[in-house]
Amino acid sequence: MKKYINYAILIFTAITVSYSCTPPLEGVQFKFPDAVTGSSIIVQYSQANDNVGEVPNTMTVRIGGKDSSKVVDSFNKKVYKPKNGIMILALKPGTVASAASPIKFSIITESEGYLKEITPIEITSNDEQKVIIKVTKIATPPEGTTVIQKAEDADNTGKTTKAIQITTPTLAGSSHTATLSINAGITIKDAAGIPVAGKLNVVLVQVDPKKSSVIVNKQQAGMKVVDKNDNAIPNFSINPISAVSAEISNESSQKVKTFSAPIEIKFQFGVGTKNSAGQDIKEGDVLSFASYDEDAKTLKYEGTSTVKKNGNVLEFVASVNHLTEFYCGDLLSECSNLKLNILNDPLYVGETIHTTVVDNSGRVLFNESHGLGTTLNCKLFVQGQIGGNSPTSSNITVTTKSITGKTLFTKTLNVSCADVNAVTNVDVALVSPINYVKITITPKCDNGFAFKIGDVQAAADLKDGKGYTSIGVLKSTADNKLVAQTTLLNRGEKYNFMFNLGGIWYYQNDLWIDNSATLNSTFSLPSFLCK
């Protein structure tokens, strides 16, 4: 599947649109013949590369797949022609779709100079649907990718009539290329085991490994991890040096998944290409090979291969018997668990902060925003073969920044990897900010009575159009003042404030924060808040 640039399908229910309008689709209503009202499928085309411009008007569209006979255009005909990037489909009158009995078909889109797109669709209700299909211009694919498309043939039994070889152009800014090689006489089949015969469309896509879809720092939700024999194995990830996606389909929109004999995927990259430890890859190095099936959410460890030198390039060759996304690189095995304890520092009350954890080769292990006083968890990985020897430790760097981007905490740690069940605790003690504001409120009671409320919640209007934002709790002091410190407010500005006094929000407008970073305010209180 052309994971990186093929298509994006987003299904939304309860969308109403107008047939006479062009995008955007929201907020208008289409009028359909009564026969198809309620089962409309709005298809919107866009370029995979945002810089290319509008989609071509020369696109031809066919509907294929199991339930193709149940799909019509908005006039109950079988005329499928996008106009201004929009195409309206519908289920044939009388067709009922449900989760138990879904309608399955494919939208096959072709245009001169573009990759052929086969977009699988599954409809589980008769509600209006929206589908977005991205088309890829071969000459100008998205940044960080190279693509090639080639016509080939298979006989009526699904055997290749001659050897197939296809190589991607050089990836921009590097010497990376990829080659797919299939011998003549190999039987090719789809996911259901049915031979794929006739005219073939062969597509090979190489992507910048930094844009790889495989998450190298933690397993994706629902991902299965298996070996080449489909046996479950412990969690692992791969740090890609090269990444490629291969797809073969015929005119009936069948996609090739398996082969009767091994085929070859060759990765080529320049001398000087680094591994995850920052070292030059050289001839004789052993790299790992993995595949990821997006449909089945399965990451497969295919094994290893030795790097060879061919002139001025290094080559890594792997044999497989299926098509999907492929990666060569460093195999990463699970090291241990990391717990980051973010201390609840009163200087940052009311703030959201952001913590990033990276390893010594720059892989991001954790990168999220959070509140104070929380414990963050992430998995650590190290280079090493599954079941083999792994390094005994791993270097990581923890960096925490404030909402304004100021670094509050940074520390490099060496974490033991002797036990995958080990837990490393790190207390994140934030650095005191240079520019914080101290708030001091002096509640005034008549007749010398003292203020009787304890700690007080406070909020300020940050003038960002979002209304009042909590700035935390003002602590009650022994001398009957209320104090707090925050970095959410700016010096030399006025703000409107709210204070929760005994369950009643008390307003104070236009309080000035002077350039010494202090806000002092004295105001009279109603008698019931005094004693």
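In terms of the working numbering, the sequence shown opens at residue 13 and continues consecutively. Heads up, the beta-carbon is just placed ideally off N, CA and C, and yes, glycines get one too. Computed from a prediction, not measured in an experiment: that's the story for all the values here.
Close-in-space but distant-in-sequence residues of the same chain around residue i (CB under 8 Å, 5 per side omitted)
i	result
Pro-36	Interpretation of Pro-36 is limited by its pLDDT of 41, a score under 50 that renders its predicted location unreliable; the figure taken from the coordinates is listed afterwards. Cβ neighbours of Pro-36 beyond the five flanking positions: none.
Ile-23	Bear in mind that a pLDDT of 30 at Ile-23, under 50, signals an unreliable position, so the number given afterwards is only what the model happens to contain. Hits under 8 Å: Gln-141, Lys-142 and Val-143.
Gly-282	Ser-186, Ser-187, His-188, Asn-324, Val-325 and Leu-326
Val-495	Lys-450, Ile-451, Thr-452, Ile-453, Leu-486, Lys-487 and Thr-489
Gly-205	Thr-270
Ser-428	Ser-348, Thr-404, Ser-405, Ala-434 and Thr-436
His-382	Ile-354, Thr-364, Ile-365, His-366, Thr-367 and Leu-388
Candidates the options: closest to residue i by CA position
i	options	result
Asn-544	Ile-408, Val-55, Gln-469 and Thr-148	No information on residue 544 is available, as it lies outside the stretch 13 to 543 that the chain covers here.
Leu-192	Leu-183, Val-332, Val-237 and Glu-380	Val-332
Ser-181	Ile-115, Val-256, Ala-209 and Ser-81	First, the residue type needs correcting, since residue 181 is Pro and not Ser in the sequence shown. The residue with the shortest Cα to Cα distance from Pro-181 is Val-256.
Thr-498	Ala-470, Asp-476 and Lys-78	Ala-470
Thr-179	Val-215, Glu-134, Val-147 and Thr-148	Val-215
Asn-262	Asp-242, Ile-516, Leu-212 and Val-217	Leu-212
Phe-328	Glu-337, Cys-347 and Asp-297	Asp-297
Val-64	Lys-391, Thr-148, Asp-491 and Glu-505	Thr-148
Leu-541	Pro-455, Glu-505 and Gly-477	Pro-455
Glu-259	Val-376, Ser-381 and Val-208	Val-208
Pro-68	Ser-80, Val-83 and Gly-125	Gly-125
Ile-150	Leu-127, Val-91, Ser-288 and Gly-417	Leu-127
Ser-536	Glu-276, Ser-110 and Cys-457	Cys-457
Val-108	Glu-155, Val-83 and Asp-305	Val-83
Ser-303	Asp-522, Glu-337 and Asn-322	Glu-337
Pro-114	Glu-122, Ile-100, Ser-137 and Lys-93	Ser-137
Pro-154	Asp-85, Gln-59, Ala-203 and Ala-163	Gln-59
Residue i - DSSP class collapsed to helix/strand/coil
i	result
Ser-288	coil
Leu-103	strand
Asn-540	Residue 540 is actually Phe in this sequence, not Asn. It is helical.
Ser-80	helix
Asp-85	strand
Asp-458	helix
Pro-207	strand
Pro-154	coil
Pro-68	coil
Pro-181	coil
Pro-221	helix
Ala-434	coil
Val-319	coil
Gln-141	strand
Lys-493	coil
Ser-428	strand
Close-in-space but distant-in-sequence residues of the same chain around residue i (CB under 6 Å, 5 per side omitted)
i	result
Ser-539	none
Pro-132	Ser-118
Arg-74	Ile-120
Thr-285	Ile-293
Thr-412	Ile-365, Thr-367, Leu-420, Phe-421 and Val-440
Asn-195	Ala-175
Distance CB(residue i)-CB(residue j) smaller than 9 Å
i	j	result
Val-435	Thr-409	no
Ile-451	Leu-531	yes
Ile-415	Thr-364	yes
Ile-354	Leu-442	yes
Met-235	Leu-311	yes
Glu-295	Lys-278	no
Glu-129	Lys-240	no
Tyr-518	Asn-508	no
Asn-349	Leu-392	yes
Ile-198	Ser-272	yes
Asn-407	Gly-341	no
Glu-505	Lys-475	yes
Glu-122	Thr-172	no
Nonlocal neighbours in the same chain, by C-beta distance under 7 Å from residue i, ignoring five residues either side
i	result
Thr-270	Lys-201, Asn-333 and His-334
Ser-317	Leu-299, Phe-301, Phe-328, Val-329 and Ala-330
### Query
Counting Cβ pairs, one atom from each stretch, are 3 or more of them under 8 Å apart for the region 137 to 154 and the region 55 to 72?
yes
### Query
Does the count of Cβ pairs from the region 95 to 110 and the region 149 to 164 closer than 8 Å reach three?
no
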